[in-house]
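Its first residue numbered 428, the sequence shown is counted upward by one per residue in the working numbering.
Ideal placement from N, C-alpha and C gives every residue a C-beta, glycine not left out.
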Amino acid sequence: MVCGCVLLAQPVQAMLLRARAAGELYALVAQMESRFSLAQCPQKGAVLPDAQLDTAREALVDAISADAAQAPAYWLWDLLNCLDAGAGFGRFEKYAQSLPDDPRGVILNIITQPDSDAMMRTIQDETQLSTGEVVLLYNLLKEKYPEENGLPLFLVLADRYPGNAGLWQMLVTDQWAMMRNMDAEVNIAYLYALIDIQDKWGISANRAEFYMQLGLIHQFYIDPHAPAEAARYYNLALADLVSLPNYRQSSLHVYLGEAYNSLEYPVEDILAEFETALALQEDSYPALNDLGILYLNQLENIPKARYYFYRMIELRPKNPTGVYWLGYSYELEGNIPEAKRFYNEALAIQPEYGPALKRLEALK
Numbered sequence: 428m429v430c431g432c433v434l435l436a437q438p439v440q441a442m443l444l445r446a447r448a449a450g451e452l453y454a455l456v457a458q459m460e461s462r463f464s465l466a467q468c469p470q471k472g473a474v475l476p477d478a479q480l481d482t483a484r485e486a487l488v489d490a491i492s493a494d495a496a497q498a499p500a501y502w503l504w505d506l507l508n509c510l511d512a513g514a515g516f517g518r519f520e521k522y523a524q525s526l527p528d529d530p531r532g533v534i535l536n537i538i539t540q541p542d543s544d545a546m547m548r549t550i551q552d553e554t555q556l557s558t559g560e561v562v563l564l565y566n567l568l569k570e571k572y573p574e575e576n577g578l579p580l581f582l583v584l585a586d587r588y589p590g591n592a593g594l595w596q597m598l599v600t601d602q603w604a605m606m607r608n609m610d611a612e613v614n615i616a617y618l619y620a621l622i623d624i625q626d627k628w629g630i631s632a633n634r635a636e637f638y639m640q641l642g643l644i645h646q647f648y649i650d651p652h653a654p655a656e657a658a659r660y661y662n663l664a665l666a667d668l669v670s671l672p673n674y675r676q677s678s679l680h681v682y683l684g685e686a687y688n689s690l691e692y693p694v695e696d697i698l699a700e701f702e703t704a705l706a707l708q709e710d711s712y713p714a715l716n717d718l719g720i721l722y723l724n725q726l727e728n729i730p731k732a733r734y735y736f737y738r739m740i741e742l743r744p745k746n747p748t749g750v751y752w753l754g755y756s757y758e759l760e761g762n763i764p765e766a767k768r769f770y771n772e773a774l775a776i777q778p779e780y781g782p783a784l785k786r787l788e789a790l791k
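Right, dumping it as structure tokens:
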């Protein structure tokens, strides 16, 4: 199960307040806050004793059964995927068995159908489920039909419950992982289908992220790459930023600037995108990297380029990229001893770092 670590990167207490979790679960996780960051899940599945996990599971079942206005259960769902990682399909089925009679019967009736076609018909015909129950059903279906095998089921579920914010959040979160591992054309068709469902029902939940994902697929995952089409989708995302947190908006401007660079837009336009990205997220490593390279290669302002490279090193001292670019800036000035020193520093961080090896070989 893919963990929604994007959600969990927020402060634990704020996250649980939004989820309106049961008091016991709130206290339990608040105590854990100083012990580890939930953004590091799912490696932390063994931290809690079984008795405490049982308390958390009970709170999750309560949240799944709650009305959407009282508990957006997908927050708790992501939390439990980190606290209780690795239990697999049986865990989800156990949660389903713990529900009250009516939703339990509906969910078990769906997941015990003989094939996906029968499941799709049953989803369309069954009675209404609550927000959390739909999220639970989605996870059951995803475990049973992983990757693209489950896409038709997910589309039917989205069309049956178009107003379910928790479901849309799960769909968009999982899509970030799927787009890197699935055929690009299948991915594009799936995203178009999700957007068509939203248009049919007059909603736009997480629409900016769907556009952003379409842009990334066109920019990086289809052959040949299509930066113009990518830029079109990025601009559509910019027009619908309501659902995008700052770090996603920052990434969007980075990708748009890179697409503009590929299309040989004026350097001022490219610079504006990277600067906007950094203003939205001051520790954006990609924005710092792109700004440094832009100042180095196109604006020919080496001192300004080095400023960004040093910020990269400060942000990620164990990443050789900023060190390498410092070396290259000295090579451009003709200061070969200093360039070699930084290239060797990059190799000390990562011995097989290709760009540094290549430049040292060229300078022999």
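Which of the three DSSP states is assigned to residue i in this structure?
i      : result
Phe463 : Reliability fails at Phe463, whose pLDDT of 33 lies under 50, so the model's placement of it is uncertain and the value that follows must be treated cautiously. Here Phe463 sits in coil by DSSP.
Gly629 : coil
Ala493 : Low per-residue confidence applies at Ala493: pLDDT is 49, beneath 50, and the placement is therefore not dependable enough to give any value.
Asn771 : helix
Asp717 : helix
Tyr682 : helix
Asn673 : helix
Tyr692 : coil
Lys791 : coil
Thr703 : helix
Glu709 : coil
Please state if the CB of residue j and the CB of residue i are separated by a distance shorter than 8 angstroms.
i      : j      : result
Leu683 : Ile729 : no
Val750 : Ile740 : yes
Ala655 : Leu618 : no
Val561 : Leu582 : no
Ala773 : Pro747 : yes
Leu563 : Leu584 : no
Leu580 : Met547 : yes
Val681 : Leu726 : no
Leu721 : Asn673 : no
Ile615 : Leu643 : no
Tyr588 : Ser543 : no
Tyr735 : Gly754 : no
Arg733 : Ser756 : yes
Leu723 : Leu705 : no
Val797 : Glu575 : What is shown of the chain runs 428 to 791, which leaves residue 797 out entirely.
Ile538 : Glu553 : no
Ala850 : Ile649 : Not covered by the structure: residue 850. The range shown for the chain is 428 to 791.
At which residues does the alpha helix (DSSP H) containing residue i begin and terminate?
i      : result
Glu570 : Thr558 to Lys571
Val599 : Ala592 to Asn608
Gln640 : Arg634 to Leu643
Arg743 : From DSSP, Arg743 is part of no alpha helix (DSSP H); its letter is neither H nor E.
Ala545 : Ser543 to Asp552
Asn576 : That residue, Asn576, is in no alpha helix (DSSP H); it is neither H nor E in DSSP.
Glu758 : Thr748 to Glu760
Tyr661 : Pro654 to Leu665
Comparing the CB of residue i with every heavy atom of the ligand ADP, is any distance shorter than 7 angstroms?
i      : result
Asp717 : Among the components of this structure there are no ligands whatsoever, and the ligand ADP is therefore not found.
Within 8 angstroms, do at least three Cβ pairs link the region 697–704 to the region 712–721?
yes
Do the region 659–670 and the region 625–643 touch if we need at least three Cβ pairs shorter than 8 angstroms?
With a cut-off of 8 angstroms, the region 625–643 and the region 659–670 count as touching, because enough Cβ pairs lie within range.
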